[in-house]
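Student: In this note's numbering, the protein residues as written are 172 to 750. Idealized CB from N, CA, C, for every residue including glycine. Every value quoted in this text rests on a predicted model; they were computed, and no experiment measured them.
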Amino acid sequence: MLQALAIHPLQCFSTPNFDRKHHYFHHLRRNKQYPFSHSTSFSVSREVKVSASSKQKPLDVKSEIGDDEDELLQEKAIVADDGGDFGWLPAFPHVLTASMANFLFGYHIGVMNGPIVSIAKELGFEGNSFLEGLVVSIFIGGAFIGSVACGSLVDKLGCRRTIQIDTVPLILGAIVSAQAQSIEEMLLGRFLVGLGIGVNTVLVPIYISEIAPTNYRGSLGTLCQIGTCIGIIASLYLAISSENDPHWWRTMLYIASVPGFILALGMQFSVESPRWLCKAGRLDEAKKVINNLWGSSEVDKAIKEFESVLKNDGGDLNSSWLELLEEPHSRVATIGGSLFVLQQLAGINGVLYFSSLTFKDVGISSSALASLYVGLTNFAGALCALYLMDKQGRQRLLIGSYAGMALSMFLIVYAISFPMDGEISNNLSILGTILYIFTFAVGAGPVTGLIIPELSSSRTRGKIMAFSFSVHWVFNFLVGLFFLELVQKFGVSPVYGSFGAVSLLAAAFAYFFIVETKGRSLEEIEMSLNPKFQASKKEIISPRKPLPTSPLNIPWPALAKPYGHYAKCELDHLATLYD
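1) Would DSSP call M357 helix, strand or coil?
2) Cβ atoms of W419 and P286: under 9 Å apart, would you say?
3) Return the CA-CA distance between L366 and K634, expressed in angstroms with no decimal places.
4) In three-state DSSP terms, what is P264?
5) Cutting at 7 Å between CB atoms, please list the residues of its own chain near L513, excluding the five before and the five after it.
6) Restricting to Cα atoms, I'd like to know which of L559, V645, A457, S468 is closest to F477.
7) Between P445 and the rest of its own chain, which residues show a CB-CB distance below 6 Å, the 5 nearest in sequence each way excluded?
8) Look at the Cβ atom of F276, then the Cβ atom of G398, and state whether they are nearer than 9 Å.
9) Nearest to G452 by alpha carbon, out of F638, K327, S323?
10) Just the C-alpha distance for T604 and A577, rounded to the nearest angstrom, thanks.
11) Just to confirm my understanding: we take L358, look at its own chain, exclude 5 residues before and 5 after, and list those with CB closer than 6 Å. What are they?
12) Give the DSSP-derived three-state secondary structure of D326 in the structure shown.
13) Could you compute how far the alpha carbon of I379 sits from the alpha carbon of S588?
14) When we look at the beta-carbon of Q515 and count the other beta-carbons within 10 Å, is it buried (16 or more) or exposed?
15) Leaving out five residues on either side along the sequence, give the residues of the same chain with a beta carbon under 8 Å from the beta carbon of L559.
16) Report the option in S692, G571, E594 whose CA atom is closest to the CA atom of S629.
17) Secondary structure at G521, three-state DSSP: helix, strand or coil?
18) Assuming G546 and I426 make a contact with CB atoms under 8 Å, what is their CB distance in whole Å?
19) Given a threshold of 16 other Cβ atoms within 10 Å of its Cβ, counted over all protein chains shown, does S214 qualify as buried or as exposed?
20) Tell me, please, whether the CB atom of G466 is closer than 9 Å to any CB atom in chain D?
21) Compare the C-alpha of S579 against each of N647, S669, R502, V375 and name the closest.
22) Taking the C-alpha atoms as reference points, what is the distance between S526 and I601?
23) Can you find at least 3 beta carbon pairs, one from the region 426–436 and one from the region 336–346, that sit closer than 8 Å?
24) Return the chain-ordered list of same chain residues with a C-beta closer than 8 Å to the C-beta of T333, the five sequence neighbours on each side being excluded.
25) Taking V282 as the reference, which of V339, T422, G518 has the closest Cα?
26) Checking 9 Å against the spacing of the C-beta atoms, do V364 and L394 come in under that value?
27) Is it buried or exposed for M591, if we count other Cβ within 10 angstroms and need 16 for buried?
28) Please state whether the Cβ-Cβ distance between L554 and I608 is less than 9 Å.
29) From this set, S627, A435, H643, L582, which residue's C-alpha is nearest P499's C-alpha?
30) Taking 7 Å as the limit between beta carbons, can you name the residues of its chain near E687, skipping five residues before and five after?
31) Using alpha carbons as the reference points, say which of W259, F684, P665 lies closest to P506.
32) Enumerate in chain order the residues of its own chain whose CB-to-CB distance from N724 is below 6 Å, with the five nearest sequence positions on each side excluded.
33) Have a look at G258, S270, G313, G593 and flag the residue whose alpha-carbon is nearest the alpha-carbon of C330.
34) What residues in its chain sit with their C-beta under 7 Å from that of H265, if we drop five residues either side in the sequence?
35) Which ranges would you report for the alpha helix (DSSP H) in the region 550–636 if only whole runs of at least 4 residues count?
36) Using CA coordinates, which residue listed in F257, G690, Y278, I696 is at the minimum distance from G466?
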């Protein structure tokens with residue numbers, strides 16, 4: 172066996188069109204019931220599938236390895252017989268509760284969109300564009316500080332307790348803003364809200380990625396984006412009344428405190444991340460959480476993987492920020508920061524700002540109503556991402572999303588730059604705007620926040636997320652600050668054209684530097700990216716040829732090419748599964 176691997180190492184593991192039927196693997200026998208003994212990707216429903224299949228057909232130890240497609244069809248048939256696959260259900264209430272934080276994020280994004288004129292008039296800074304901008308932008312300043320601060324806080328307290336503590340500035344900020352009688356009080360309230368939002372935008376993706384079953388991590392992680400969309404829609408819908416009632420903004424800000432109370436109470440009944448519990452030495456609690464969320468068959472396998480990671484890399488309870496300068500943490504931090512830089516420079520905030528003017532050209536004069544249409548489009552794209560995330564994978568969605576955003580921008584530039592009928596030009600601009608927002612919500616929005624904790628190691632996940640989101644808030648602020656000035660100086664077409672060019676650059680970045688994480692546990696991903704784990708694998712593989720790598724020198728297991736994961740598992744468990 173090893174001789175065959177030594178002769179054809181690259182053909183076995185990295186060739187996309189590799190056919191196992193003509194390879195030595197085809198003649199091996201394997202345990203058909205539990206072929207990959209160390210995987211934590213089985214859900215509760217997976218146990219049902221295995222049990223059903225074993226009852227329907229006796230185990231044939233002499234049967235040869237079938238094609239992956241045939242096995243997938245068999246599993247789908249079993250799922251259909253059982254009435255559906257509900258392995259996501261045990262974790263769903265906990266994920267839904269945590270997503271309430273994203274609802275708050277979306278609500279506070281939209282809450283100032285309509286009432287800012289009424290607020291400025293009542294608090295005495297009407298006509299002062301600087302103060303109006305400061306009321307909106309101080310929110311981003313608080314979010315930046317919150318993102319940086321929570322990196323160490325979550326290491327010590329865990330996600331669940333930190334989210335509960337974070338509801339304090341969210342609730343206080345909303346109440347202070349609602350009762351504000353001066354510009355200073357309003358700024359204080361908005362800063363407190365931003366502080367809480369900055370913490371939650373880091374914590375919630377980490378929490379969901381660590382409690383969700385592997386096979387449903389992408390779909391459940393998309394609930395972050397869906398929560399944000401629903402929050403934006405809710406605030407924009409309520410803002411319609413502010414056009415007739417100049418004091419309605421106070422009611423809207425009081426309403427913003429209610430989800431904070433719900434979040435604090437709901438997290439009291441939610442589970443803590445089993446990975447954090449294991450790092451904190453609370454193994455019994457970790458086993459109980461795994462048993463409840465992933466199934467009893469996953470307990471021992473998951474704990475072994477957790478402990479293996481901790482043994483080689485250590486827990487994050489004593490990690491430092493300087494470790495982000497070391498490999499592989501620096502590589503993941505660079506990817507995370509770059510993804511958010513590209514996301515913001517692709518122009519999502521500028522397009523959202525300018526969309527109300529675009530809708531006015533086609534007769535929709537209400538800015539709140541125009542923004543509501545935008546929010547509904549965003550929500551529709553997030554629903555598509557929910558369905559596609561664990562089917563198409565993160566990398567493919569990112570590439571397709573940014574390609575669609577680039578096409579949308581170029582369509583708007585064409586409508587503005589070339590002479591044509593005014594109605595046709597306006598309709599093309601509307602089409603381009605809607606398509607841009609939809610494609611953003613399918614990939615660039617949800618995937619960016621999801622894939623960073625997946626690529627991060629257990630030891631530095633909190634700090635890498637904190638760094639990445641702090642970069643996000645900085646560039647969010649810069650784009651908002653300079654967008655109108657650039658439009659006034661160069662015009663809409665060149666600015667939107669540059670957004671399209673950045674979107675193409677982001678698609679290329681995703682193609683060359685993002686590895687696929689679909690269907691792999693966080694521990695599998697970490698082991699494939701961390702040199703400490705790779706060193707322990709080298710004696711198994713023939714030393715005659717180096718491991719194939721990606722452009723970032725990421726070893727072959729992370730590339731997730733066709734049959735790559737299959738071959739890796741066969742190799743890892745060769746000694747235990749075959750004679």
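Tutor: The structure says:
1) Shown here, M357 sits in a helix according to DSSP, grouped into three states.
2) yes
3) 17 Å
4) helix
5) V673, L676, A677, F680
6) A457
7) A457, V460, I461
8) yes
9) K327
10) The alpha-carbon atoms of T604 and A577 are separated by roughly 11 Å.
11) Excluding positions up to five away in sequence, the list reads I309.
12) D326 sits in a helix when the DSSP states are folded into three classes.
13) Going from the Cα of I379 to the Cα of S588 covers about 44 Å.
14) buried
15) L568, V613
16) S692
17) DSSP places G521 in helix when its eight states are reduced to three.
18) G546 to I426, Cβ: 17 Å. No contact.
19) Low per-residue confidence applies at S214: pLDDT is 37, beneath 50, and the placement is therefore not dependable, though the value from the model is reported in the following sentence. Per the 10 Å Cβ criterion, buried.
20) In the structure shown, chain D does not exist; there is a single protein chain.
21) S669
22) Answer to the nearest angstrom: the Cα atoms are 8 Å apart.
23) yes
24) C321, L324, V325, V370, L374
25) T422
26) Contact flag unset, no.
27) exposed
28) no
29) The option with the nearest alpha carbon to P499 is S627.
30) Contacts found: G564, R565, Q566, A731.
31) Before going on, a small fix: residue 506 reads as Ile here, not Pro. For I506, the closest of W259, F684, P665 by C-alpha to C-alpha distance is F684.
32) Because N724 carries a pLDDT of 44, less than 50, the predicted location of this residue cannot be relied on, and the following value inherits that uncertainty. Correct list: empty, nothing qualifies.
33) S270
34) Closer than 7 Å at Cβ, skipping near neighbours: I382, S441, V442.
35) 565–588, 593–610, 616–626
36) Checking every option, the nearest Cα to that of G466 belongs to F257.
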